[in-house]
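Note sheet for the following structure.
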Amino acid sequence: MGKLGNATAKAELGRATWKLLHTMTLRFPEEPTQNERDALSSYFHLLSRLYPCGECAQEFQQLLKKFPPQTSSRRAAATWLCFVHNEVNTRLLKPTFDCADLDATYDCGCGDDPVTPTSSAKADSKATPEPGTGTGVVHDPMDLEFDPTKDKITGVGMIKGGR
Ligand SMILES: Cc1cc2nc3c(=O)[nH]c(=O)nc-3n(C[C@H](O)[C@H](O)[C@H](O)COP(=O)(O)OP(=O)(O)OC[C@H]3O[C@@H](n4cnc5c(N)ncnc54)[C@H](O)[C@@H]3O)c2cc1C
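Going by numbering that gives the first Met the number 0, the first residue of the sequence shown is number 0, and it counts up by one from there.
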């Protein structure tokens, strides 16, 4: 990754990235699965390779070697990231941040995790099977690649009214 010469762009990118990362760790599960832990760790390692400011990325890679991501819980992840951000602050001669203020600073107003659907909602959604399956398999409304005009298996266009 090349050097990011424009200081203003570098600072804006940094602020936006830190905001995303801190908010993400503060929304990380309290008791993550191994899969979630691996995902968070990979995320930081991939970011350190692809971050579009070459010198920042290199420094961040060194930092991750010295202080590998802590992913055992939300608190562990958020505190680790706060510590790592403070390491960057110190190198850039910026004031350090009090990690006790994390929750107040990054209150995203996101609320609690979504409640699982009620049994009646589940029953309703079963009424719309995916085309081409004929098995009553429920279509995930968040599957943005799902195209209801095509048969799921063959990709052939569906006849209007045939669903
Ligand atoms: C991974 C990464 C590596 C970077 N490496 C470099 C580099 O090598 N060289 C370079 O010039 N720039 C680098 N940057 C950018 C740099 O860290 C700053 O983002 C940029 O200089 C703007 O600084 P800022 O003073 O506005 O505050 P930022 O450091 O961007 O912080 C934004 C806000 O986060 C809060 N904050 C500060 N510290 C913490 C903390 N420890 N925990 C939680 N919240 C905190 C404060 O409210 C602050 O105003 C990097 C950014 C990232 C994401």
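Where a beta carbon is used, it is the ideal one built from N, C-alpha and C, also for glycine.
contact_flag[the region 19-37, the region 71-84] where n(CB pairs < 8 Å) is 3 or more: Yes: at least three Cβ pairs fall under 8 Å.
Beta-carbon contacts of VAL83 that lie in its chain and below 7 Å, excluding the five residues immediately before and after: One-based indexing of the sequence shown puts residue 83 at position 84. Same-chain partners within the cutoff: LEU62, PHE66.
Backbone secondary structure at TYR105 - three-state DSSP: Here residue 105 corresponds to residue number 106 of the sequence shown, with the count starting at 1. DSSP places TYR105 outside both helix and strand once states are collapsed to three, so it counts as coil.
Given PRO51 as reference, the closest of TRP79, MET23, ALA8, SER40 once Cα atoms are compared: Looking up residue 51 in the sequence shown gives position 52. From the listed residues TRP79, MET23, ALA8, SER40, the smallest Cα separation to PRO51 is found for ALA8.
Interface flag, ALA38 vs chain C, CB-CB below 8 Å: Reference to chain C is not applicable here, since this structure consists of a single protein chain.
Check: ALA75 C-beta below 7 Å from any heavy atom of ligand 1: The residue labelled residue 75 in the question sits at position 76 within the sequence shown. Because no heavy atom of ligand 1 lies under 7 Å away, the Cβ of ALA75 does not count as near it: no.
Burial state of CYS55 (16 or more Cβ within 10 Å): Mapped onto the sequence shown, residue 55 falls at position 56. CYS55 counts as buried, since no fewer than 16 other beta carbons sit within 10 angstroms of its beta carbon.
SER40: first and last residue of the uninterrupted alpha helix (DSSP H) it sits in: In the sequence shown, residue 40 corresponds to position 41, counting from 1. For SER40, the enclosing alpha helix (DSSP H) starts and ends at 33-49.
HIS44 Cβ short of 7 Å to ligand 1 heavy atom set: If you number the sequence shown from 1, residue 44 lands on position 45. HIS44 has its CB no nearer than 7 Å to any heavy atom of ligand 1.
Buried versus exposed call for LEU92 [16 or more other C-beta atoms within 10 Å across all chains shown]: Position 93 of the sequence shown, counting from 1, holds the residue named residue 92. Under this definition LEU92 is an exposed residue.
beta-carbon ASN5 near ligand 1 non-hydrogen atom, thresh 7 Å: Position 6 of the sequence shown, counting from 1, holds the residue named residue 5. Closer than 7 Å to some heavy atom of ligand 1: that does not describe the Cβ of ASN5.
Residues of its chain near GLU35, where Cβ-Cβ distance is below 7 Å and the 5 sequence neighbours each way are ignored: Start at 1 with the first residue of the sequence shown, and residue 35 comes out as number 36. Annotation for GLU35: PRO28 place their beta carbon closer than 7 Å to its own, counting only its chain and skipping 5 residues before and after.
THR24 burial status per 10 Å Cβ neighbour count (16 or more: buried): Here residue 24 is taken as the residue at index 25 of the sequence shown, counted from 1. Buried is the call here.
Buried or exposed by the 16-neighbour rule on C-beta atoms within 10 Å, applied to ALA6: As a first step, residue 6 is located in the sequence shown; it is residue number 7 there, counting from the start. Result: exposed.
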